[in-house]
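K.L.:
Here our numbering = 1-based position in the sequence shown + 129.
Glycine included, every Cβ here is placed at the ideal spot set by N, Cα and C.
Because the structure is a prediction, the values reported are computed rather than measured.
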Amino acid sequence: MMLKKINMLLAVLLLVSCYASAAIYTEKWETSDAGWQIENRDGFPAEGTATWYTGSPWDGQTEILRIEGSPGVGIYEDIVFADNTADGTLITGGNVAWQQIQFDFYANMAPAALYFYVQGNGVQWQNEITSVTVGSWDTYNISLSFNSGSGWARWDGTLETQAAWDATLVNIDEVGIIVQYQSGVSGQDYGLDNFAIIPEPETLLLLAFALISLGITFRRELSTAMVRVRRDS
């Protein structure tokens, strides 16, 4: 029985270690643009540019994906994304309801709107980032769990359902952000760095609780066994 508990304890330790270090997809743009692309959301040529940048124009952070735009008057939205041909090949797949997206973003001025974006199974979904820090880097986390308060919406306006969301997540082919530029304002400059799909903190917490519970049980049985040994001797 004790050997079984030891094996279970080791298995949980290994599982926690794997979850803590795992990332389904990461990009830090250390050597290139890593295959990331920029397109206008309506199918026209991109209004801005997305390029690998190695200087340090803002806040001391180097080796980034730099997004620049000087649009005319009107609503202009560019999608900046990786697809399944980008670095990392398959971005994700399977049931990823337990994952979240994390990335660093810099803005020299607030965009008109900023969204996180995924596309899969022919459907585009967006999640608006309603508060954007200006003048310094900030980290944003977006859960890939779907519920009434999660902020996820289909771009085509179709009613969102759990089934449609699940169908998207098992077949993701694009992931990135959508920048809506300020109308008629030149010199808009944005940076993207440390983009990652990672396990949800809640998952690690549940594993930690399991580990603690198993450890308590193991410690109790070990203590009982030692008492028996002392009595027998």
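Is residue 243 closer than 8 Å to residue 261 when the C-beta atoms are compared?
P.N.:
Translated into positions along the sequence shown, residue 261 becomes position 132. Translated into positions along the sequence shown, residue 243 becomes position 114. Closer than 8 Å, so yes.
K.L.:
Can you check which of these residues, 267, 234, 264 and 300, is closest to residue 254 by C-alpha distance?
P.N.:
To locate residue 254, count along the sequence shown from 1; it is residue 125. Nearest C-alpha to residue 254: 300.
K.L.:
Where does residue 309 land, buried or exposed, given buried means 16+ other C-beta within 10 angstroms?
P.N.:
As a working mapping, residue 309 is identified with position 180 in the sequence shown. With 16 or more Cβ atoms within 10 Å of its Cβ, residue 309 is classed as buried.
K.L.:
Got a sec, what are the start and stop residues for the beta strand (DSSP E) residue 248 sits in?
P.N.:
Here the question's residue 248 lines up with position 119 in the sequence shown. From DSSP, the beta strand (DSSP E) with residue 248 extends over 242-249.
K.L.:
Just curious, the alpha helix (DSSP H) that residue 171 is in, first and last residue?
P.N.:
By one-based count along the sequence shown, residue 171 stands at place 42. If you look at residue 171, you'll find it isn't in any alpha helix (DSSP H); DSSP assigns it neither H nor E.
K.L.:
Let me confirm a value: residue 291 is counted as buried when at least 16 other C-beta atoms fall within 10 Å, else exposed. Which label applies?
P.N.:
In the sequence shown, the residue the question calls residue 291 occupies position 162. That one is exposed.
K.L.:
Do you know how far the Cα of residue 287 is from the Cα of residue 189?
P.N.:
Taking the sequence shown and counting its residues from 1, one reaches residue 189 at position 60. Taking the sequence shown and counting its residues from 1, one reaches residue 287 at position 158. Distance between the alpha carbons of residue 189 and residue 287 is about 42 Å.
K.L.:
Using DSSP's beta-bridge definition, name the partner residues of residue 194.
P.N.:
For the purposes of this step, residue 194 is taken as residue 65 along the sequence shown, with counting starting at 1. Partner(s): 181 and 321.
K.L.:
Measuring CA to CA, which of 182, 318 and 194 is closest to residue 305?
P.N.:
Reading the sequence shown from its first residue, position 176 is the one you call residue 305. Of the candidates 182, 318 and 194, the one whose C-alpha sits nearest the C-alpha of residue 305 is 194.
K.L.:
Does the separation of the CB atoms of residue 263 and residue 297 fall below 8 Å?
P.N.:
For this step, residue 263 is matched to residue 134 along the sequence shown. For this step, residue 297 is matched to residue 168 along the sequence shown. No, the Cβ-Cβ distance between residue 263 and residue 297 is not below 8 Å.
K.L.:
Just the C-alpha distance for residue 176 and residue 204, rounded to the nearest angstrom, thanks.
P.N.:
As a first step, residue 176 must be located in the sequence shown, where it is residue number 47. As a first step, residue 204 must be located in the sequence shown, where it is residue number 75. For residue 176 and residue 204, the distance between alpha carbons rounds to 10 Å.
K.L.:
Where residue 181 and residue 165 are concerned, what is the direct C-alpha to C-alpha distance, given to the nearest angstrom?
P.N.:
Position 52 of the sequence shown, counted from the start, is the residue given in the question as residue 181. Position 36 of the sequence shown, counted from the start, is the residue given in the question as residue 165. The alpha-carbon atoms of residue 181 and residue 165 are separated by roughly 9 Å.
K.L.:
On the three-state DSSP scale, how would you describe residue 158?
P.N.:
As a first step, residue 158 must be located in the sequence shown, where it is residue number 29. Looking at residue 158 - three-state DSSP - the assignment turns out to be coil, as it is neither helix nor strand.
K.L.:
List the whole-angstrom C-beta distance separating residue 211 from residue 196, where the pair is believed to meet the contact cut-off of C-beta under 8 Å.
P.N.:
Counting from one through the sequence shown, the residue named residue 211 turns up at place 82. Counting from one through the sequence shown, the residue named residue 196 turns up at place 67. With a Cβ gap of about 14 Å, residue 211 and residue 196 do not count as contacting.
K.L.:
Our contact map puts residue 154 next to residue 325 with C-beta atoms below 8 Å; I'd like the distance itself, whole angstroms only.
P.N.:
Here the question's residue 154 lines up with position 25 in the sequence shown. Here the question's residue 325 lines up with position 196 in the sequence shown. That pair is a contact at about 7 Å.
K.L.:
Do residue 266 and residue 233 have their beta-carbon atoms positioned less than 8 Å apart in this structure?
P.N.:
Working through the sequence shown from its first residue, we reach residue 233 at position 104. Working through the sequence shown from its first residue, we reach residue 266 at position 137. Yes, these two residues count as a Cβ contact at 8 Å.
K.L.:
Less than 8 Å between the CB atoms is what I'm expecting for residue 158 and residue 322, so what's the real figure, rounded?
P.N.:
Position 29 of the sequence shown, counting from 1, holds the residue named residue 158. Position 193 of the sequence shown, counting from 1, holds the residue named residue 322. That belief holds up - the Cβ atoms of residue 158 and residue 322 are roughly 7 Å apart, short of 8 Å.
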